[in-house]
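Count the sequence shown with the numbering used here and you get residues 40 to 423, in order.
C-beta: ideal position from N, C-alpha, C; glycine also.
Structure record follows, encoded as structure tokens.
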Amino acid sequence: MLYHFFETPHTNVSISNSSFIELLTLNPVNITPFHFKIHATTDYIDLAKTYVFTELRIKKEDKDGKLVDIGREDNVSAVQLIAHTIWKNCRMHINGTQVFEGNSLMAYRSIFDYELTYPQSVKNSYLSVAGYYDDGATQTYPGVDSNGYGVKSRKRLFLDEDGNPRTAQFMAKLDVDICNQPRYLVNQCEVDIELLPNESSFLLSAPWDTAPKYYLKILACKLYVKKIELMDSLAFDIAKKLEIKPARYPMRKTSLKSLFISENRSEFNANIWTDHVPRRIILGMVDNKDFVGRQKTTPFYFQHFNLRDISITAGGVTFPAAPYSLDFSKGNCARIYHDMQEAIGYAGSLESNGISMGMHMQDIASSYLISQIVRKIMVQRCLI
40 MLYHFFETPH TNVSISNSSF IELLTLNPVN ITPFHFKIHA TTDYIDLAKT YVFTELRIKK
100 EDKDGKLVDI GREDNVSAVQ LIAHTIWKNC RMHINGTQVF EGNSLMAYRS IFDYELTYPQ
160 SVKNSYLSVA GYYDDGATQT YPGVDSNGYG VKSRKRLFLD EDGNPRTAQF MAKLDVDICN
220 QPRYLVNQCE VDIELLPNES SFLLSAPWDT APKYYLKILA CKLYVKKIEL MDSLAFDIAK
280 KLEIKPARYP MRKTSLKSLF ISENRSEFNA NIWTDHVPRR IILGMVDNKD FVGRQKTTPF
340 YFQHFNLRDI SITAGGVTFP AAPYSLDFSK GNCARIYHDM QEAIGYAGSL ESNGISMGMH
400 MQDIASSYLI SQIVRKIMVQ RCLI
């Protein structure tokens, strides 16, 4: 306060030193998956400050089957948020115990997280270091508009102004559950991290029929971890308490699951979870060919597929209580759009995730359905 003349600023007496360390892969970068090991030391680890650095380059296959550099004539770009979506799976072990498994859907987890929950101001600024460039409402060609701002920007990452090929560097936070909580990992813990990248057909978009086969080459992959050295007195007190009871970490587990809906189905039912009921369910629907990965489109081209209704049943209670009556072609989707923003926390706020109702009702990469679950019972989903 302006009149607190006799107070001094708070002094940090718990940390004596902190620094980021650089870790290289245990295996060569041309062999996947990538393995990292954080060795056990007396330092604590701030897992929330764990970042993955990647250096990438796009190559193409010539008539002789050799990989050569791309040029000005190549209309190819990386998919959205490439520093995150490059990873297909991640496994993390602490002292030999597995604490995370990405279930081969890490790319979709990242897209859901950053597209829905991050404000537009962050997307337009900091997330560019992770390869995010907003596509907005420019998605008019089966999920990819070669003239759109996002595609052009991601293309320029790998080609300079003269059309010469170049490498692109990215930095992204490691998206695992234990890295999304604020507490330090106690010392003398050995951490093993395994990262498996997606195929090039999943990561690159070349929206033209005669395009050659492109490959995304990983030239470098490094891990940056923040280590903390506590004051001796505090470290001693924590060590004494650890002899009595274990350290506890508050984590929100993220579970990913894919379901296949065959053609010509007018109704679909599926049991999603029977053990734990989630706080929130996020549903995105994509064409199966896009989901597997094809070079002509993008795996993140989410569509509504003329959905008429969706409901989640948990122990006899249906969410939402009043059923939807959707008709996206006529714009009858105001309520489900509002419920999506309400579930995220943007409804009535001064921030925005950049997803407008017009984008939500069109066949572009912004059709998500979100439902809040509050009862701890079995969950069933119904699509009509």
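Taking all protein chains shown into account, decide if residue i is buried (16 or more other Cβ within 10 angstroms of its Cβ) or exposed.
i              : result
proline 236    : buried
glycine 170    : buried
aspartate 101  : exposed
threonine 50   : exposed
proline 246    : buried
aspartate 174  : buried
tyrosine 253   : buried
glycine 182    : Per-residue confidence for glycine 182 stands at a pLDDT of 46, beneath the threshold of 50, marking its modelled position as unreliable; the derived number appears in the next sentence. Glycine 182 should be labelled buried.
histidine 343  : buried
leucine 65     : exposed
lysine 194     : buried
glutamate 229  : exposed
glutamate 154  : buried
isoleucine 125 : buried
glycine 323    : buried
glycine 141    : buried
threonine 156  : exposed
aspartate 314  : exposed
aspartate 329  : buried
Please report the distance separating the alpha-carbon of residue i from that of residue j.
i              : j                 : result
valine 163     : histidine 74      : First, the amino acid is wrong: residue 163 is asparagine here, not valine. Approximately 32 Å between the Cα atoms of the pair.
isoleucine 114 : leucine 258       : Residue identity differs from the one stated: residue 114 is asparagine in this sequence, not isoleucine. If you take the alpha carbons of asparagine 114 and leucine 258, they lie about 22 Å apart.
leucine 196    : methionine 210    : 14 Å
threonine 80   : alanine 278       : 14 Å
isoleucine 351 : isoleucine 394    : 23 Å
alanine 87     : isoleucine 70     : 27 Å
serine 405     : tyrosine 340      : With a pLDDT of only 44 at serine 405, under 50, the local geometry of the prediction cannot be trusted, and no value is derived from it.
cysteine 218   : glutamine 208     : 22 Å
valine 264     : serine 53         : 19 Å
cysteine 372   : glutamate 238     : 35 Å
serine 388     : methionine 396    : 16 Å
alanine 361    : tyrosine 376      : 15 Å
proline 221    : valine 107        : 45 Å
arginine 347   : asparagine 303    : 14 Å
serine 143     : isoleucine 133    : 20 Å
arginine 205   : lysine 191        : 15 Å
aspartate 402  : phenylalanine 275 : Any reading at aspartate 402 is ruled out, since the residue's pLDDT is 47, under 50, leaving its predicted position unreliable.
serine 55      : leucine 273       : 10 Å
tyrosine 165   : arginine 96       : 22 Å
alanine 226    : proline 67        : A quick correction: the sequence has asparagine, not alanine, at residue 226. Rounded to the nearest angstrom, the two C-alpha atoms are 28 Å apart.
threonine 47   : methionine 270    : 21 Å
glycine 135    : tyrosine 172      : 38 Å
threonine 357  : glutamate 381     : 18 Å
lysine 105     : asparagine 203    : 19 Å
lysine 369     : arginine 318      : 31 Å
methionine 398 : aspartate 152     : 18 Å
asparagine 345 : isoleucine 300    : 14 Å
lysine 284     : arginine 291      : 22 Å
cysteine 129   : threonine 336     : 25 Å
proline 359    : histidine 78      : 48 Å
valine 161     : valine 91         : 19 Å
cysteine 260   : proline 289       : 29 Å
aspartate 103  : glutamine 334     : 20 Å
glycine 355    : phenylalanine 307 : 18 Å
Report, in whole angstroms, the separation of the C-beta atoms of residue i and residue j, which I expect to be a contact under 8 Å.
i             : j              : result
leucine 62    : leucine 234    : The Cβ separation is near 12 Å, so there is no contact.
glutamine 119 : glycine 189    : 7 Å
serine 149    : aspartate 214  : 6 Å
leucine 295   : alanine 309    : That pair is no contact at about 14 Å.
threonine 93  : lysine 212     : At roughly 13 Å, the Cβ-Cβ gap does not stay under 8 Å, so threonine 93 and lysine 212 are not in contact.
leucine 255   : isoleucine 109 : Not a contact, Cβ separation roughly 11 Å.
valine 316    : alanine 286    : About 27 Å; that fails the 8 Å criterion.
Below 9 Å between beta carbons: does that hold for residue i and residue j?
i                 : j                 : result
arginine 111      : aspartate 201     : yes
valine 325        : phenylalanine 241 : no
lysine 127        : proline 251       : no
phenylalanine 59  : lysine 266        : yes
arginine 374      : tyrosine 363      : yes
phenylalanine 281 : isoleucine 84     : Note that residue 281 is leucine in the sequence shown, not phenylalanine. The answer is no: Cβ separation not under 9 Å.
asparagine 76     : isoleucine 232    : What sits at residue 76 in the sequence shown is lysine, not asparagine. Their beta carbons are under 9 Å apart, which means lysine 76 touches isoleucine 232 by this criterion.
proline 338       : alanine 146       : yes
glutamate 268     : serine 57         : yes
asparagine 392    : proline 158       : yes
serine 305        : alanine 117       : no
isoleucine 5      : leucine 365       : Residue 5 lies beyond the residue range present for the chain, which begins at 40 and ends at 423; the question has no answer from this structure.
aspartate 378     : threonine 293     : no
Is residue i near the ligand GTP, with its Cβ less than 8 Å from a heavy atom?
i             : result
threonine 337 : Looking for the ligand GTP in the displayed structure turns up nothing, as the structure carries no ligands at all.
Whole alpha helix (DSSP H) runs in the stretch 196 to 275 with 4 or more residues, listed along the chain? 239 to 242
Report the residue ranges of all alpha helix (DSSP H) runs contained in full by the stretch 118 to 142; include only those spanning at least 4 residues, in chain order. 121 to 124
If you scan the stretch 304 to 389 from start to end, which runs of the beta strand (DSSP E) of 3 or more residues do you find wholly inside it? 307 to 312, 319 to 323, 349 to 353, 356 to 358
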